[in-house]
Amino acid sequence: MDAARFSPTWQQALGRGLYLGVLTAVVALLVTVVALSLTPSAPPHWAWPLLAFGPPLAGVLVGALVRPRVGTRVDARGIRTVTPFGEGVEPWSEVVDLRAERRGARTVVSVYLESGASVQLSAPYSGELFASDPQFELKMFALSHLWRSHRFGGVPS
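The numbering of the sequence shown is our numbering, which starts it at 417 and goes up by one.
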């Protein structure tokens with residue numbers, strides 16, 4: 417059973433999906449314009465709105481669907497980071513420090529390991545606009561409390 421579970425907020429998940437969808441739409445429109453310059457045939461009129469608005473809407477939908485499946489899980493074995501592409505487990509015996517650090521426009525949680533390596537957790541994080549998380553400090557405190565509790569006497573039940 418998980419002692420704690422951290423996922424991106426709804427706002428973060430929808431914002432990330434919208435961001436990736438807009439990037440996809442820009443690339444699709446650019447490819448279409450380049451293809452039109454090479455061939456004389458024009459696409460149907462309905463294709464332009466589909467290329468412009470389809471990917472952002474699909475991105476928002478994917479962000480909403482993927483949200484519960486990504487994040488950070490904390491249990492008696494350690495800290496587990498789950499992404500759509502896999503998962504990584506850092507056992508408690510390897511964790512020497514947890515820190516909130518500024519990386520680009522975001523504040524993220526980094527886990528420092530005995531080997532000297534660091535791992536950035538996929539959640540919680542906070543940033544600007546859609547990436548903000550008003551509960552970030554509380555989540556960081558909870559993670560820190562779980563780590564310290566385990567290091568000095570076991571994970572609380």
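The beta-carbon is built from N, C-alpha and C at its ideal position, and this holds for glycine as well.
Distance, Cα to Cα, residue i vs residue j?
i, j, result
"residue 361", "residue 539", "Absent from the model: residue 361. The displayed extent of the chain is 417 to 573, so no value can be given."
"residue 521", "residue 424", "16 Å"
"residue 501", "residue 507", "20 Å"
"residue 567", "residue 559", "12 Å"
"residue 445", "residue 461", "13 Å"
"residue 574", "residue 555", "Since the first and last residues shown for the chain are 417 and 573, residue 574 lies out of range."
"residue 450", "residue 488", "42 Å"
"residue 557", "residue 551", "10 Å"
"residue 531", "residue 485", "29 Å"
"residue 516", "residue 526", "6 Å"
"residue 443", "residue 509", "45 Å"
"residue 453", "residue 535", "46 Å"
"residue 499", "residue 455", "41 Å"
"residue 513", "residue 494", "13 Å"
"residue 458", "residue 448", "10 Å"
"residue 547", "residue 477", "17 Å"
Would residue i and residue j be called neighbours here (beta carbons separated by less than 9 Å)?
i, j, result
"residue 419", "residue 492", "yes"
"residue 479", "residue 543", "no"
"residue 490", "residue 429", "no"
"residue 563", "residue 505", "no"
"residue 497", "residue 537", "yes"
Would you please state the rounded distance, in angstroms, between the beta carbons of residue i and residue j? I believe it to be under 8 Å.
i, j, result
"residue 468", "residue 441", "6 Å"
- Query: Does the stretch 468-477 touch the stretch 431-448, meaning 3 or more C-beta pairs lie closer than 8 Å?
  - Reply: Touching, per the Cβ criterion.
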